[in-house]
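Read the sequence shown against my numbering and you will find it ends at 580, with the numbers running on by one and no gaps.
A virtual CB, placed ideally from N, CA and C, is assigned to each residue, including glycine.
No experiment lies behind these values; they were computed from the predicted model shown.
To start, the structure under review is shown below, and the notes come after it.
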Amino acid sequence: MDIIHLLPDSVANQIAAGEVIQRPASCLKELVENSLDAGAQRVQVLVRDAGRTLLQVIDDGCGMSEMDARLAFERHATSKIREAQDLFSLRTMGFRGEALASICAVAQVEMTTRRAEDETGTLIEIHGSDVIRQEPCVCPVGTNIKVSNLFFNVPVRRKFLKTDQTELRNLLTEFYHIVLVYPKVAFTFVHNDEILLELPAGTEKQRIEAVFGNPKRNVYTSAFVDVKTETELVSIHGFVVKPEAATKKAEQYFFVNGRYMRHPYFLKAVQNAYSGTLANDYQPSFFIYFDIAPEAIDVNIHPTKTEIKFADEQTIFQILMAAVREALGKFSLAPTIDFDTSGSIDIPLPKSDNVTRPQVSINPDYNPFHTRGAIYPDRPPKNWETLYQDLPASRNLDFPVSRTEENTLELPDVESCSLWQFGGKYIFLRHRDGLVMVHQHRAHAAVLRAQFMEQLEHTQGAMQQLLFPEILSLPQDEMLLVGHLLPDLRAIGFDLEQLSPDSYSIQGVPAQIATQSPVPVLQQILHQVRERGADTQYEWREQIAQTLAENAAIPSGRILSESEMRDILTKLVALPQYKRTAEGKTIVSLVTDDEIAKRF
Ligand code: ADP
Ligand code: MG
């Protein structure tokens, strides 16, 4: 008996749907891209319960004929390519003809659509690939598609969805990727009847401001300079942030031919262009748009992947780096008001000073304490490292450190052993089996991290009031995130009040970071939580504690008294895990007597 048979379409579509539609955000992306491919000038997105219950996209695009309305839901039905050759000259977002077939396989879909030349439109309703009804209807030109109860027939998928908070953030992230390349199209995004984004048609810069800043004040985009270059291979244009407006958490966007892409290699090119101008841990925000012949990039990639391959990446790397350098160079030749304040940045003004700190009014994101952990206002001198280059031999001290020793290493009794500081960076102490080296900043950060976790647990963070409240302005997705983290941020000592739909005022901060500008610290927390996908309370508390600890810990280069060193070590060895940081970096390392002997 033959045993091979063809899967019914409904099953095949469900399998394909697993690839294309993984979550509400991927469904939204496909629907909005279809609207744009249809030439829409205005796209409205209506969402309920982060897309679980409803995802609706209404456009004023070309609409579909009665026949096409039905065909659109068939697999591999597309109006965008006809033969394999067309794949190489694509300018539309979609082309596989898989999206609608996949969506209707895993949801209840109702669509009305009408072309300008038709008097009546078409209504079609499909539940899990079954056509429930198709009939003529009265509707405006364009397409209105309603996707309800996503994954109603795939319980496993439904279970894998994260909290509404996370799924809504994913929806917005996906939405940003699209709206940033279609500034001439007006968009609205409504969630549970609340308008989260209202984006009028405008220029790229206006769109960036509307998404991340405040269209009325243009504060966000005023920190950017224009990048522009045209070569035979590629045209590049966009905006990069001035070096002093870099933040710990940056918005970094590349787009190619109207499509968002991730490109770690090109990111390196941008970072290189800034080399030397950014403080530790600070990242430049940028929005860079590439235009390139479609033949020179590989578009035939997985539908949900955002990596794109270029034919000549090295050359583009060089072109991009040069273009960004030039943009930054031009800007520094023509100083702006932001730059005029740079003369004062080396003098950290204490909070208690009676004058308003100039950077507060000019650039709220600016951090006057460029070293980490500025709880010690007596900053080390700039070139402190050279102060310690005493013995010629000490320059290439790279002890081979035995891993096995390190794992079993127990610290001696730190109350009484002799210890000394080395290079302003390490604490050395004598051990039964050799020499123990402790990384001072990491050790202190580990101790603080544990303390912050403890305080979060018991809601007993120590708060210090700010003399001058600061403003934290955020894009919508991060406003949601702050709302989510608010109880914990308050528990640890942040006094935050919502000021407007897109900002909080910061009136108090955890005492341990009281001398730093709280804005970058909060941005860094949000960034970490987002990047690490911290979804449970424990996970996001870890990110809060970690970020605060890194910022509050003693920086390298600070000279410690013996009692300070002993204090850190005593607290360090009391931790259940003290040899490595939570990220696995070495805190404590041993050079054995044997290893020392071998050197002679
Ligand atoms: P693809 O976009 O890859 O062609 P889809 O499954 O997303 O495949 O859509 C199938 C077809 O349905 C499209 O090629 C297009 O002709 C039509 N279509 C889908 N959405 C719209 C829309 N909003 N307006 C007009 N036509 C649409
Ligand atoms: Mg499509």
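- Item | Reference residue 587, options 434, 475, 437 and 573, closest by Cα | Here the chain comprises residues numbered -19 to 580, so residue 587 is not present and cannot be evaluated.
request  = Look at the Cβ atom of residue 37, then the Cβ atom of residue 12, and state whether they are nearer than 8 Å.
outcome  = On the sequence shown, residue 37 is found 57 positions in, with the first residue counted as 1. On the sequence shown, residue 12 is found 32 positions in, with the first residue counted as 1. Result yes, Cβ atoms of residue 37 and residue 12 sit closer than 8 Å.
Quick check: residue 407 and residue 415, are their CB atoms within less than 8 Å of each other? Taking the first residue of the sequence shown as 1, we reach residue 407 at position 427. Taking the first residue of the sequence shown as 1, we reach residue 415 at position 435. Result no, Cβ atoms of residue 407 and residue 415 do not sit closer than 8 Å.
**Request:** Below 8 Å on the Cβ atoms is my guess for residue 422 versus residue 561; work out the distance and round it to an integer in Å.
**Result:** In the sequence shown, counting from the first residue as 1, residue 422 sits at position 442. In the sequence shown, counting from the first residue as 1, residue 561 sits at position 581. Yes, residue 422 and residue 561 are in contact; Cβ-Cβ is about 5 Å, under 8 Å.
Neighbour-count burial assignment, residue 47, 16 or more Cβ in a 10 Å radius:
In the sequence shown, the residue the question calls residue 47 occupies position 67. Per the 10 Å Cβ criterion, exposed.
Within its chain, find whatever has a CB closer than 6 Å to the CB of residue 269; leave out the 5 residues flanking it on each side and keep chain order. Numbered from its first residue, the sequence shown carries residue 269 at position 289. For residue 269, where only same-chain residues beyond five positions count, the Cβ hits under 6 Å are 217, 218 and 235.
query = Is it the case that the Cβ atoms of residue 166 and residue 148 are separated by a distance below 8 Å?
reply = To locate residue 166, count along the sequence shown from 1; it is residue 186. To locate residue 148, count along the sequence shown from 1; it is residue 168. No. Outside cutoff.
- Task: Name the two residues that bound the continuous alpha helix (DSSP H) containing residue 3.
- Result: Numbered from 1 along the sequence shown, position 23 holds the residue referred to as residue 3. Element bounds for residue 3: n/a, residue is neither H nor E.
Would you mind working out which of 496, 154, 264 and 302 sits nearest residue 211, comparing C-alpha positions?
Working through the sequence shown from its first residue, we reach residue 211 at position 231. Measuring from the Cα of residue 211, the nearest candidate turns out to be 302.
Does the distance between the C-beta of residue 459 and the nearest non-hydrogen atom of the ligand ADP fall short of 7 Å? Start at 1 with the first residue of the sequence shown, and residue 459 comes out as number 479. No; taking the cut-off as 7 Å, the Cβ of residue 459 has no heavy atom of the ligand ADP nearer than that.
query: Just curious, the alpha helix (DSSP H) that residue 565 is in, first and last residue?
result: Counting from 1 along the sequence shown, the entry for residue 565 is found at position 585. Element bounds for residue 565: n/a, residue is neither H nor E.
Can you tell me whether residue 42 sits near the ligand ADP, meaning its C-beta is under 7 Å from at least one heavy atom of the ligand? Looking up residue 42 in the sequence shown gives position 62. Flag set: Cβ of residue 42 near the ligand ADP.
- Task: Could you check if residue 228 is buried or exposed, using at least 16 other CB atoms within 10 Å of its CB as the buried criterion?
- Result: Residue 228 sits at position 248 when you count from the first residue of the sequence shown. The residue in question, residue 228, is buried, as its Cβ has 16 or more Cβ neighbours within 10 Å.
_Could you give the first and the last residue of the continuous alpha helix (DSSP H) run that contains residue 410?_
Here residue 410 refers to the residue found at position 430 when the sequence shown is read from its first residue. Counting along the chain, residue 410 falls outside any alpha helix (DSSP H), though it belongs to the beta strand (DSSP E) covering 406 to 411.
- Query: What does residue 90 pair with, by DSSP beta-bridge criteria?
  - Reply: Mapped onto the sequence shown, residue 90 falls at position 110. 105 and 126, per the DSSP bridge assignment.
ask   = Between the segment 80 to 91 and the segment 125 to 136, do at least 3 Cβ pairs fall closer than 8 Å?
value = yes
| query | On the three-state DSSP scale, how would you describe residue 379? | reply | Start at 1 with the first residue of the sequence shown, and residue 379 comes out as number 399. Unreliable placement is indicated for residue 379, whose pLDDT of 33 sits below 50; no coordinate value is reported for it.
query = Straight-line CA distance for residue 290 to residue 564?
reply = In the sequence shown, counting from the first residue as 1, residue 290 sits at position 310. In the sequence shown, counting from the first residue as 1, residue 564 sits at position 584. Roughly 35 Å separates the two Cα atoms.
inquiry  = According to DSSP, is residue 335 part of a helix, a strand, or is it coil?
reply    = Translated into the one-based positions of the sequence shown, residue 335 becomes position 355. Low confidence applies to residue 335: its pLDDT is 37, below 50, so where it sits in the model is not reliable, and the reading given next is rough at best. Coil at residue 335, not helix or strand.
For residue 580, the three-state DSSP class (helix, strand or coil):
Here residue 580 refers to the residue found at position 600 of the sequence shown. Coil at residue 580, not helix or strand.
For residue 395, three-class secondary structure by DSSP: Residue numbering aside, residue 395 sits at position 415 when the sequence shown is read from its first letter. In the structure shown, residue 395 sits in coil (DSSP, three-state: anything other than H, G, I, E or B).
Mind the definition here: the segment 418 to 437 touches the segment 547 to 554 only if three or more C-beta pairs lie below 8 Å; say whether that holds.
-> yes
When DSSP labels each residue in this structure, what does residue 297 get in the three-state scheme?
As a working note, residue 297 is residue 317 in the sequence shown. The answer is helix: DSSP assigns residue 297 an H, G or I state.
Among 79, 444 and 265, whose alpha-carbon lies nearest the alpha-carbon of residue 3? Taking the sequence shown and counting its residues from 1, the one referred to as residue 3 is at position 23. For residue 3, the nearest C-alpha among the options comes from 79.
| query | Can you pull the DSSP bridge partners for residue 419? | reply | To locate residue 419, count along the sequence shown from 1; it is residue 439. Paired residue(s): 406.
Handout entry: Range covered by the alpha helix (DSSP H) that runs through residue 543
Key = For the purposes of this step, residue 543 is taken as the residue at position 563 of the sequence shown. Taken as a continuous stretch (DSSP letters only), the alpha helix (DSSP H) holding residue 543 covers 542 to 553.
Have a look at residue 156 and residue 579 and give me their C-alpha separation to the nearest angstrom.
Translated into positions along the sequence shown, residue 156 becomes position 176. Translated into positions along the sequence shown, residue 579 becomes position 599. If you take the alpha carbons of residue 156 and residue 579, they lie about 58 Å apart.
Go ahead and label residue 256 buried or exposed: buried means 16 or more other beta carbons lie within 10 angstroms of its beta carbon, across all protein chains shown. Position 276 of the sequence shown, counted from the first residue, corresponds to residue 256. It counts as exposed.
Taking residue 456 as part of the alpha helix (DSSP H), name the residues at either end of that continuous run. Position 476 of the sequence shown, counting from 1, holds the residue named residue 456. Looking at the DSSP string, the run of the alpha helix (DSSP H) that includes residue 456 is 456 to 471.
According to DSSP, simplified to helix, strand and coil, what is residue 31?
If you number the sequence shown from 1, residue 31 lands on position 51. Helix at residue 31.
Going by alpha carbons, who is nearest to residue 231 out of 113, 253, 443 and 262?
-> As a first step, residue 231 is located in the sequence shown; it is residue number 251 there, counting from the start. When only C-alpha atoms are compared, the closest one is 262.
For residue 574, does the count of other Cβ atoms within 10 angstroms reach 16, so buried, or fall short, so exposed? As a working mapping, residue 574 is identified with position 594 in the sequence shown. Per the 10 Å Cβ criterion, exposed.
Query raised in the report: Going straight from the alpha carbon of residue 26 to that of residue 249, what length do you get?
Result: If you number the sequence shown from 1, residue 26 lands on position 46. If you number the sequence shown from 1, residue 249 lands on position 269. Those two C-alpha atoms are separated by around 38 Å.
_Using the Cβ count rule (16 or more neighbours within 10 Å means buried), how would you classify residue 526?_
As a position in the sequence shown, residue 526 is number 546, starting the count at 1. Result: buried.
- Message: Given this structure, state the Cα-to-Cα distance separating residue 558 from residue 445, to the nearest angstrom.
- Response: Within the sequence shown, residue 558 is the residue found at index 578, counting from 1. Within the sequence shown, residue 445 is the residue found at index 465, counting from 1. Distance between the alpha carbons of residue 558 and residue 445 is about 33 Å.
Bridge partner(s) assigned by DSSP for residue 218: For the purposes of this step, residue 218 is taken as residue 238 along the sequence shown, with counting starting at 1. DSSP, once it has assigned bridges, lists 207 and 268 as partnering residue 218.
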